[in-house]
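Those sequence lines, one after another, are chains A and B. For the first sequence, this note's numbering puts the final residue at 502, and the numbers step up evenly by one. For the second sequence, this note's numbering puts the final residue at 587, and the numbers step up evenly by one. Here a beta-carbon is modelled for each residue, glycine too, at the ideal position from N, C-alpha and C.
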Amino acid sequence: MSEPPSDRVRARNTAGILLFIIGCLLSSVRLIQTSPNAAHLQPDDIARRAEHRFSALKSQLPASGVIGYIGESGNAGTEDYYLAQYALAPLVVERSKSHGLVVVSISTLPPKPDTEGLQFVKDFGNGVRLFSNKDAK
Amino acid sequence: MALGLAVICCLGSGYIVVTLGLPQSTPFIYQRMVRASLSTGFGLGIFSVIFFLARVLGLSRVLAIDLVVLGLLTVGLWWVRTRSKPAIIRMLAEETIALPRWLRRLLAVAFGSALAAALYSAILRSIVHPHGEGWDAFAIWNLHARFLFRGGEHWRDGLSPLIPWSHPDYPLLLPSAVAHFWSVLGQESTAVPAVIGLVFTFGTLGLLFSSLAILRGRTSAILAGLGLVSTPFFVEQGSSQYADVPLSFFFLAVIVLHLDGESRGDQSLYRGYGRLALAGIAAGLALWTKNEGMLFLVACVVAQIVVRGPEWMNRLAFFILAVAPFLMLVTWFKHSVAFPNELFSNQPKMLHKFLDSARYWAILKWFVRDFLRFGQWWPIPGTLLLALLYVVVAGKHNWQNSQQFWTSALTLALTLAGYFVIYVITPYDLDWHLRFSLNRLFLQLWPSTIFVFFLAIPAKVG
Chain A
366 MSEPPSDRVR ARNTAGILLF IIGCLLSSVR LIQTSPNAAH LQPDDIARRA
416 EHRFSALKSQ LPASGVIGYI GESGNAGTED YYLAQYALAP LVVERSKSHG
466 LVVVSISTLP PKPDTEGLQF VKDFGNGVRL FSNKDAK
Chain B
126 MALGLAVICC LGSGYIVVTL GLPQSTPFIY QRMVRASLST GFGLGIFSVI
176 FFLARVLGLS RVLAIDLVVL GLLTVGLWWV RTRSKPAIIR MLAEETIALP
226 RWLRRLLAVA FGSALAAALY SAILRSIVHP HGEGWDAFAI WNLHARFLFR
276 GGEHWRDGLS PLIPWSHPDY PLLLPSAVAH FWSVLGQEST AVPAVIGLVF
326 TFGTLGLLFS SLAILRGRTS AILAGLGLVS TPFFVEQGSS QYADVPLSFF
376 FLAVIVLHLD GESRGDQSLY RGYGRLALAG IAAGLALWTK NEGMLFLVAC
426 VVAQIVVRGP EWMNRLAFFI LAVAPFLMLV TWFKHSVAFP NELFSNQPKM
476 LHKFLDSARY WAILKWFVRD FLRFGQWWPI PGTLLLALLY VVVAGKHNWQ
526 NSQQFWTSAL TLALTLAGYF VIYVITPYDL DWHLRFSLNR LFLQLWPSTI
576 FVFFLAIPAK VG
């Protein structure tokens, strides 16, 4: 049979569990502090803006297959490219010029994407242009 | 109407599968809670597999398939029930941590407050980030869901090697479950992946709480639940529409369902092979969630053999039998549909990295650093809080030395060791890879670690 715990053991357990509770509650407070402000909820609409940006272009593209994409280089350009793929799925959007149709995404900042060898098809506004590549296989 | 029917089919299928594997109903709320928590994840897993197979076979009426599956499962349950013996009603475990009443009340209030804070934060985050928080949500998981939903017969295009950054080799549990609900709705709704994320997050909490309430008493369950729900990173990731929290749910389910009732009466959650089959299904669904599921499965099998010995082999065979359909599905997916994983693409370089001791040292430093930083706890790291709690509460009592404990602990340790090895051979820049993934790998094991930690607290302290 196990002996009942002494007062010292009880006090130590109580202190340990109180410390654990305090540690957990402080982290919960931090969670609330880092949460969005309920009074000013501002949905992050990056993906929705990308949908809107490419919506006119979508009607000019085939329902499936692979198209090319060129745009700004670097991290910002990568996010734009991912969002273009997200908006244009189920088309596969490869970051290359070697396809019959190539989407060109132009940001407000220079340098402009290199469209050499491509033929302009249409400007859809919001920095979205469609080019064709007759040399593509 | 159609959505309501789909939700009923999803939860109903999960519930019946779980009920087939567990003893007949018992009057204890915690046992019902275990069943309900498992049903959510299992239901979503079944829904994912149904949709994927429907796409492979070119079937479009998914709701009709859902109804047929639910019907077949119901018949199966009726057949089993008419032939099985009445349930054995088990007593709940004696409290392993005895506290004065005022402290028990304080603990319950703290848990309620932390739960409310987590719900509040998760819901607000889901509203503010409708397409998920972070690139992986839209560049991997929701993108794959779009290909599955929008692509029709061209759904495989989403797994094209032309877009390697979207990780075309990643298994499809999450995207396929999302696409299933979109198909029923007839349109894409950002609410679907958000709700699925929340279901897995709070389902994991429910499973941790209820299984510990049965095995170690209500106080341990509340302490564990408080520890999980107060982990800011768990709540953030749970609402981010990534696959790490769903994976952590299935890892925990495997660990919980693997416990047997051999050494102590209060540890007998469920007896027999049905429980093992459910553990196998949970391991299979982990395989279908993320590549790390394979590592966990191997770790689980090795741990069972090492700790339980040869007499466990026939039970292990039953577990593997339950995993087998998922193993075949994932193997077929990897070899016939998806692009090969880039981790293993350059074997001569892998060997060179294996022999580079500097990589081991760098990874070890990251592991130690993230052990303290993990979870975005403030101001005391959660891992330290747990360690402190053990030292204080367990005191001079002996370590829990049951086979259940050691099997679970070894499974987690081997998985962690596997993660370490993956970093050793990674083709990516090591610092970059560790910086952007190590905390999520720790998170995958966190609910199971908390569970095993409270399993380790010796019987009757306080």
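Tell me, please, whether the CB atom of residue i is closer than 8 angstroms to any CB atom in chain A?
i: I430 (chain B); result: no
i: I252 (chain B); result: yes
i: L231 (chain B); result: yes
i: L178 (chain B); result: no
i: A368 (chain B); result: no
i: D282 (chain B); result: yes
i: G168 (chain B); result: no
i: H305 (chain B); result: no
i: S301 (chain B); result: no
i: G405 (chain B); result: no
i: H477 (chain B); result: no
i: A235 (chain B); result: yes
i: Y105 (chain B); result: Lying outside 126 to 587, the shown extent of chain B, residue 105 (chain B) is not represented and no answer is given.
Find out if the Cβ-Cβ distance for the pair residue i, residue j is shorter than 8 angstroms.
i: V143 (chain B); j: L403 (chain B); result: yes
i: L273 (chain B); j: W280 (chain B); result: yes
i: S365 (chain B); j: E258 (chain B); result: yes
i: V517 (chain B); j: I582 (chain B); result: no
i: L377 (chain B); j: A239 (chain B); result: no
i: Q312 (chain B); j: L568 (chain B); result: no
i: E220 (chain B); j: G342 (chain B); result: yes
i: S373 (chain B); j: L297 (chain B); result: no
i: V381 (chain B); j: F576 (chain B); result: yes
i: A412 (chain A); j: L448 (chain A); result: yes
i: V448 (chain B); j: A408 (chain B); result: yes
i: A349 (chain B); j: F325 (chain B); result: no
i: L330 (chain B); j: F579 (chain B); result: no
i: W413 (chain B); j: F451 (chain B); result: yes
i: S138 (chain B); j: V194 (chain B); result: yes
Leaving out five residues before and five after residue i in sequence, what residues of the same chain have Cβ atoms less than 8 angstroms from its Cβ?
i: L509 (chain B); result: L497
i: W437 (chain B); result: Q429, I430
For chain B, find out if any of its Cβ atoms is closer than 8 angstroms to the Cβ of residue i; answer yes or no.
i: P455 (chain A); result: yes
i: V468 (chain A); result: no
i: Q419 (chain A); result: The question names Gln, but residue 419 (chain A) in the sequence shown is Phe. Chain B, which has no Cβ nearer than 8 angstroms to the Cβ of F419 (chain A), makes this no.
i: E459 (chain A); result: yes
i: V431 (chain A); result: yes
i: G516 (chain A); result: Nothing about residue 516 (chain A) can be read from this structure; chain A reaches only from 366 to 502.
i: A403 (chain A); result: yes
i: V486 (chain A); result: no
Using a C-beta to C-beta distance shorter than 9 angstroms, which residues of chain A count as neighbours of residue i?
i: P357 (chain B); result: S392, S393, R395, L396, T399
i: R560 (chain B); result: What R560 (chain B) touches in chain A: nothing, since even the nearest Cβ is about 15 angstroms away.
So which residues on chain B does residue i lean against when the C-beta distance must stay under 9 angstroms?
i: N498 (chain A); result: Near N498 (chain A) there are no residues of chain B at all, since even the closest Cβ is about 15 angstroms away, more than 9 angstroms.
i: Y434 (chain A); result: Residues of chain B passing the Cβ test: none, with the nearest at roughly 10 angstroms.
i: P427 (chain A); result: Within chain B, no residue comes near P427 (chain A); the closest Cβ sits about 10 angstroms away, beyond 9 angstroms.
i: D409 (chain A); result: V253, H254, P255, H256, E258
Residues of chain A with CB under 8 angstroms from residue i, in chain order?
i: L343 (chain B); result: For the sequence presented, residue 343 (chain B) should be read as Arg rather than Leu. Under the 8 angstroms cutoff, chain A gives no residues; its nearest Cβ is about 14 angstroms from R343 (chain B).
i: G348 (chain B); result: Correcting the residue identity first, residue 348 (chain B) is Leu in this sequence and not Gly. By Cβ distance, chain A contributes I382, F385.
i: G276 (chain B); result: S429, A454, P455
Give me, in chain order, the residues of the same chain whose beta-carbon lies closer than 7 angstroms to that of residue i; leave out the 5 immediate sequence neighbours on both sides.
i: V486 (chain A); result: L495, F496, S497
i: A463 (chain B); result: L284, P293, D294
i: G146 (chain B); result: G399, R400, A402, L403
Which bits of chain A does residue i rub up against, with CB to CB less than 7 angstroms?
i: P504 (chain B); result: L391
i: V360 (chain B); result: L396
i: A239 (chain B); result: C389, L390, S393
i: L287 (chain B); result: V431, V457, E459
i: F272 (chain B); result: A454, P455
By a C-beta neighbour count over all protein chains shown, 10 Å radius and 16 as the cutoff for buried, is residue i buried or exposed?
i: L394 (chain B); result: Reliability fails at L394 (chain B), whose pLDDT of 45 lies under 50, so the model's placement of it is uncertain and no value is given.
i: E481 (chain A); result: exposed
i: Y553 (chain B); result: exposed
i: F479 (chain B); result: exposed
i: N378 (chain A); result: buried
i: V379 (chain B); result: buried
i: G390 (chain B); result: For G390 (chain B), the pLDDT reaches just 41, beneath the cut-off of 50, and the residue's location in the model is therefore unreliable, although a value from the coordinates is still provided. So G390 (chain B) ends up on the exposed side.
i: A415 (chain A); result: buried
i: S371 (chain A); result: exposed
i: L570 (chain B); result: buried
i: Q156 (chain B); result: buried
Applying a beta-carbon distance threshold of less than 7 angstroms, which residues of chain B neighbour residue i?
i: A449 (chain A); result: Within 7 angstroms Cβ-Cβ: nothing; A449 (chain A) doesn't reach chain B, min ~11 angstroms.
Output needed for residue i: all residues of its chain with C-beta closer than 6 angstroms, excluding positions within five of it in sequence on either side, in chain order.
i: V467 (chain A); result: G433, L483, F496, N498
i: A270 (chain B); result: P300, V303, A304
i: Q450 (chain A); result: V458
If the cut is a Cβ gap below 8 angstroms, which residues of chain B does residue i touch?
i: L406 (chain A); result: L249, I252, V253
i: A412 (chain A); result: P255, H256, F263
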